[in-house]
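Notes follow once the structure below has been shown.
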Amino acid sequence: SVELRRRVHAGLNKGEARNALARAVFFNRLGEIRDRSFEQQRYRASGLNLVTAAIVLWNTVYLERAAHALRGNGHAVDDSLLQYLSPLGWEHINLTGDYLWRSSAKIGAGKFRPLRPLQPA
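In full-length UniProt numbering, the protein residues as written are 1 to 121.
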């Protein structure tokens, strides 16, 4: 059936996107877990899953906030198209380099970083 094939293909695409995100997060080790003990391998795999899940959660929250901001500014957002957005992108996340954690830049509970300003169409 064409519909079943389409759904299976979409599911495979999601799996491939998740694996691509995991490879990007895990790039320093070339995608390999080389720890000798099973326990250390398990810790490393769990850490990778945690970071991947955090990125997906971050993206999901901000995709929702972006849709609400667009609606708040009078733009039409078709809810039926939102299901096709994927929270698996990472182009906006610095996976390499230096991380500076300023204690003065703490964001309070229930608060968020600001969204980028809307670009004129």
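Think of the CB as a built atom: it goes at the ideal place given N, C-alpha and C, for glycine as much as any other residue.
Between residue i and the rest of its own chain, which residues show a CB-CB distance below 6 Å, the 5 nearest in sequence each way excluded?
| i | result |
| --- | --- |
| Q41 | I33, D35 |
With DSSP as the reference, label residue i as helix, strand or coil.
| i | result |
| --- | --- |
| Y84 | coil |
| S46 | helix |
| A20 | helix |
| W90 | coil |
| F112 | coil |
| G74 | coil |
| L35 | With the sequence shown as reference, residue 35 is identified as Asp, and Leu is not the correct amino acid for it. Coil, per DSSP. |
| L100 | coil |
| I55 | helix |
| K106 | coil |
| Q40 | helix |
| F27 | helix |
| L63 | helix |
Quick check on the burial criterion: 16 or more other C-beta atoms within 10 angstroms. Buried or exposed for residue i?
| i | result |
| --- | --- |
| T52 | buried |
| I55 | buried |
| L21 | buried |
Looking at C-alpha atoms only, which residue of the options is the closest neighbour of residue i?
| i | options | result |
| --- | --- | --- |
| H75 | P120, T96, A105 | P120 |
| S80 | G108, A67, G89, N73 | A67 |
| W58 | F38, S86, E39, L82 | S86 |
| L82 | T96, H9, R71 | R71 |
| W90 | N19, N73, L118 | N19 |
Can you find the residues in the same chain that come closer than 8 Å, C-beta to C-beta, to residue i, ignoring five residues on each side of it along the sequence?
| i | result |
| --- | --- |
| V61 | F112 |
| L115 | Y62, R65, A66, A69 |
Would you grab the beta carbon distance between residue i and residue j for me? Rounded to a whole angstrom, and I think it's under 8 Å.
| i | j | result |
| --- | --- | --- |
| A17 | L88 | 4 Å |
| L48 | V25 | 6 Å |
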